[in-house]
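Undergrad: FYI, the working numbering numbers position 119 of the sequence shown as 119, with every residue one higher than the one before it. Glycine residues also receive a C-beta, built at the ideal position from the N, C-alpha and C atoms. Shown below is the structure under consideration.
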Amino acid sequence: MLNRCEFIGFLGGDPTVNQTQSGTRVANFSLAVSEKWKDKNGERQERTTWVPVVAWAGLADIAGRYLKKGSKVYVAGKFSVRKWSDQQGNDRYSTEVVLQGFDGTLVMLDGAGGGSGNNRTGDYSHDQSRPETPQDFNQDFEDEIPF
Numbered sequence: 001m002l003n004r005c006e007f008i009g010f011l012g013g014d015p016t017v018n019q020t021q022s023g024t025r026v027a028n029f030s031l032a033v034s035e036k037w038k039d040k041n042g043e044r045q046e047r048t049t050w051v052p053v054v055a056w057a058g059l060a061d062i063a064g065r066y067l068k069k070g071s072k073v074y075v076a077g078k079f080s081v082r083k084w085s086d087q088q089g090n091d092r093y094s095t096e097v098v099l100q101g102f103d104g105t106l107v108m109l110d111g112a113g114g115g116s117g118n119n120r121t122g123d124y125s126h127d128q129s130r131p132e133t134p135q136d137f138n139q140d141f142e143d144e145i146p147f
């Protein structure tokens, strides 16, 4: 079976990072995912869906350290429905995308500084241009196969 969700969007607020009783770190944040289209009258329409995301352990550390309100990110993880009880004892359900272990992916799409482009922890940007290939790189591999 496959349980994987992927989203690209902007953080609606700074992540909140907490620690479980066993010491595992967990970060929670909401991702604004917008879709745009033209209606039958040709007018532009936009709808934003708020996706709750829960990141665990190392990904929680990354979220807490580098993400902030407005950060553009790609997330991929498991869709989860969590059951909990409110103060009156009523059962409630929350849906969320869980980023945990090898099943979780968190990619910062606007650098380590977040949505405004300001880096609080230094310059972690890198050149995303195509790397140069060596001039003497030989793409004809037939001569090098030993059998």
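(1) Could you have a look at Asp106 and say whether DSSP puts it in helix, strand or coil?
(2) By the three-class DSSP mapping on this structure, what secondary structure does Arg47 have?
(3) Which residues in the same chain have their Cβ closer than 6 angstroms to the Cβ of Thr95, if we skip the five residues on either side of it in sequence?
(4) Between Gln87, Tyr74, Trp56, which lies nearest to Val98 when the distance is taken from Cα to Cα?
(5) According to the Cβ coordinates, are Ser71 and Val51 closer than 8 angstroms?
(6) Got a sec: is the Cβ-Cβ distance from Ala27 to anything in chain B below 8 angstroms?
(7) At the level of alpha carbons, what is the spacing between Gly23 and Gly104?
(8) Going by alpha carbons, who is nearest to Met108 out of Gly101, Ile62, Tyr93, Phe102?
(9) What separation, rounded to the nearest whole angstrom, lies between the Cα atoms of Glu6 and Asn90?
(10) When you compare the CB positions of Val33 and Ala60, do they come within less than 8 angstroms of one another, or not?
(11) Can you name the start and end residues of the beta strand (DSSP E) that Gly9 belongs to?
(12) Over what stretch of residues does the beta strand (DSSP E) that includes Gly111 continue unbroken?
(13) Could you work out which residue in Tyr93, Gly77, Arg92 is closest to Val8 when comparing CA atoms only?
(14) Got a sec? Which residues, its chain only, sit under 8 angstroms from Gly101 by beta carbon, not counting five neighbours each side?
TA: Let me lay it out:
(1) Before going further, note that residue 106 is Leu rather than Asp in the sequence given. If DSSP states are grouped into helix, strand and coil, Leu106 belongs with the strands.
(2) strand
(3) Val81
(4) Trp56
(5) no
(6) Structure shown: chain B not included; a single protein chain is present.
(7) 19 angstroms
(8) With distances taken between Cα atoms, Met108 lies closest to Ile62.
(9) 31 angstroms
(10) no
(11) 5-11
(12) It is not in any beta strand (DSSP E) - Gly111 carries neither H nor E in the DSSP assignment.
(13) Note on residue identity: the sequence assigns Ile, not Val, to residue 8. Of the candidates Tyr93, Gly77, Arg92, the one whose C-alpha sits nearest the C-alpha of Ile8 is Gly77.
(14) Within the same chain, Gly101 has close Cβ partners Trp56, Ala57.
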